[in-house]
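Working notes, beginning with the structure itself.
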Amino acid sequence: MSSPSVVPASPWRQRIVRGALWFAAIAWGVLLGAKVFDLVVLAGAWSAAPPASLRLLPYGAAYPVNTGDFFIPPSALLLVATWIAVFAGWRTPMRYRRWLLASALTILVVLVFTVASFWPMNAALWAVAKGAPGALQDQAGIEALVHAWLRNDWLRVIAATVGFLSTLRAISLPFPDAQVMTGPASRASRLAYAGCVLLLLAFVAYFVSELL
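Residues 1454 to 1665 in the working numbering are what the sequence shown lists, from first letter to last.
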């Protein structure tokens, strides 16, 4: 195995990383601000006195707006942008690359958490709001569900803040003048890289399919 060598940074990689970071910073800022508003104002209304207040849930007759139409597209684009920055900046020193990874991993975790936790809770809340068969009936259970939703949403806000600050930190640092070259990648490494890209794109497609 050849030892790593240090070579001058690629100008085109620098342009890709910086462009992706600027897009990510704007997207993080917009999504974070909107999420705080959604949590404090909108969720504050529909969670005020469940189950009666659940009629104010978005998508319903009393509030016919799909907030997913706003959050899903920029979130998916943010996920793609942050990972483009990671892939293009993979050969930068770890002192720089760690901030790219922090932003990319944060939005990935947030979106996986959204799909795994919030989508089922949203369905359960809507079942209560519509009086669907099999929906929660007892007051304590409904209140516990609402409180769990609010608690988890605050976790998303905290995570988004971390992602936003990580992106700003990466932008504030000068792009490294040198990059580490480790020689040609092995076949296994290339396959693993391609697999990660395909999994990421598959998740983006699944996440965006919620709009259809």
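Glycine included, C-beta positions come from ideal geometry on N, C-alpha and C.
In this structure, Y1549 lies away from P1461, with their beta-carbon atoms at least 8 angstroms apart.
For the options W1465, P1464, W1481, the alpha carbon positioned closest to that of R1622 is the one of W1481. Secondary structure in the segment 1540 to 1594: the alpha helix (DSSP H) runs of 4 residues or longer, each lying completely within the stretch, are 1547 to 1566, 1572 to 1583 in chain order. When the alpha-carbon of L1561 is set against those of A1515, A1613, W1607, A1502, the nearest one is in A1613. Considering only F1540, F1490, K1488, the residue with the shortest C-alpha distance to Y1646 is F1540.
Spatial neighbours of W1536 in its own chain (CB-CB distance under 7 angstroms, excluding positions within 5 residues in sequence) are listed in chain order as A1557, L1653. If you ignore the 5 residues before and after S1506, its C-beta comes within less than 8 angstroms of the C-beta of A1498, W1499, S1500, all in its own chain and listed in chain order. Contact between the segment 1463 to 1474 and the segment 1586 to 1595 is absent, with fewer than three C-beta pairs closer than 8 angstroms. Between the beta-carbon of L1578 and that of W1602 there is about 7 angstroms, and that keeps the pair under the 8 angstroms contact cut. Residue ranges of uninterrupted beta strand (DSSP E) with 3 or more members are absent from the segment 1497 to 1541; none lies entirely inside it. Looking at the DSSP output, A1631 shares a beta bridge with P1461.
Annotated three-state conformation of S1642 is helix, per DSSP. One thing to note: L1532 has its Cβ no nearer than 8 angstroms to the Cβ of V1615. About 17 angstroms separates the beta carbon of R1544 from that of V1650, a gap too long to meet the 8 angstroms contact definition. Between T1520 and the set V1581, W1572, V1459, P1546, the nearest pair of CA atoms involves W1572. When secondary structure is reduced to three states using DSSP, L1665 falls in the coil class, being assigned neither helix nor strand.
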